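The block underneath contains the structure these notes are about, expressed in structure tokens.
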Amino acid sequence: MRLLVVEDDNELWEHLKRALHAAGFAVDRADNGVDGEFLGDSEPYDAIVLDLGLPRRPGLEVLRNWREGDNQTPVIVLTARDAWHERVDGLKAGADDYLGKPFHMQELIARIEALIRRRHGEATNELRSGELLLDEESQTLRIGDQAPRQLTATEFRLLRYFMRNPGKPLSKSRLTEHVYEYDADRDSNVIEVYVNRLRKYLGKERIRTLRGQGYRFEADPE
Ligand code: CA
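For the sequence shown, position 87 matches number 86 in numbering that gives the first Met the number 0, and the numbering has no gaps at all.
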């Protein structure tokens, strides 16, 4: 899962980055409204954390522009404490949720995960596909009645993206975007290494190679 954080406060951003990484998200940042609006429209994010008080363009205007442009990415707005009018304005402008500053990172993460689940029509923090059960909290994989396997952060992000997009051709570059940071080394060959690792856990038939197109996760392999 890949997130955009639009936040101008450097100290808060450093906290957010660490907490969101630890929770298994790849995270990009914009530190002003103009860049944030542009990134939010040009990259395929799973959710966006949007501060309202931003330099160059206020968060509310950014959010309105996204929604008017039919960008329906789930957005959680960060509002000033006790500013009830900001919460109302944020929801009216198309926010899916809000959180008043200061907030606990665990609450933000829980809300982001809930937004993403809602969007995917899921009710729990487990992803299931046939015999496979991926627990998003512990980042463990269980197959049938085998013991749970602890995944690395990258394995977890890749498998989660596969399980959320079964039966679709997924290019290496798209997978890379969802698994790595915006500015990290995006060598798409690395994806192959991780796909092969996942195949060892899941069996080869779960992740098919599509010649010239990338991969396809099979929800129901033959
Ligand atoms: Ca701010």
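Here a beta-carbon is modelled for each residue, glycine too, at the ideal position from N, C-alpha and C.
As the structure is a computational prediction, the values presented were derived from the model and not from experiment.
Run the CB neighbour count on residue i, radius 10 Å, all protein chains shown included, and call it buried at 16 or more, exposed below.
{"i": "residue 71", "result": "exposed"}
{"i": "residue 10", "result": "exposed"}
{"i": "residue 138", "result": "buried"}
{"i": "residue 177", "result": "buried"}
{"i": "residue 89", "result": "buried"}
{"i": "residue 135", "result": "buried"}
{"i": "residue 159", "result": "buried"}
What number of angstroms, rounded off, separates the C-alpha of residue i from the C-alpha of residue j?
{"i": "residue 86", "j": "residue 61", "result": "15 angstroms"}
{"i": "residue 46", "j": "residue 174", "result": "16 angstroms"}
{"i": "residue 64", "j": "residue 147", "result": "44 angstroms"}
{"i": "residue 79", "j": "residue 128", "result": "40 angstroms"}
{"i": "residue 6", "j": "residue 49", "result": "7 angstroms"}
{"i": "residue 206", "j": "residue 67", "result": "37 angstroms"}
{"i": "residue 41", "j": "residue 201", "result": "33 angstroms"}
{"i": "residue 25", "j": "residue 195", "result": "21 angstroms"}
{"i": "residue 190", "j": "residue 82", "result": "44 angstroms"}
{"i": "residue 39", "j": "residue 69", "result": "12 angstroms"}
{"i": "residue 14", "j": "residue 23", "result": "15 angstroms"}
{"i": "residue 150", "j": "residue 193", "result": "11 angstroms"}
{"i": "residue 2", "j": "residue 44", "result": "5 angstroms"}
Would you say the segment 30–40 touches the segment 50–57, given that touching needs at least three Cβ pairs under 8 angstroms? yes
At least three beta-carbon pairs within less than 8 angstroms, the segment 161–178 to the segment 209–218: yes
So, do the segment 102–122 and the segment 65–79 have three or more beta carbon pairs nearer to each other than 8 angstroms? yes
Which residues are close to ligand 1, meaning CB closer than 6 angstroms to any heavy atom, in chain order? 7, 8, 50, 52, 53
For a minimum of 4 consecutive residues, which ranges assigned as the alpha helix (DSSP H) are wholly contained in the segment 62–126? 83–91, 104–118
Kindly provide the ranges of any alpha helix (DSSP H) runs that are 4 or more residues long and lie completely inside the segment 24–56, ordered along the chain. 32–41
Which runs of the alpha helix (DSSP H) at least 4 residues long sit entirely within the segment 129–179? Give them in chain order. 152–163, 171–178
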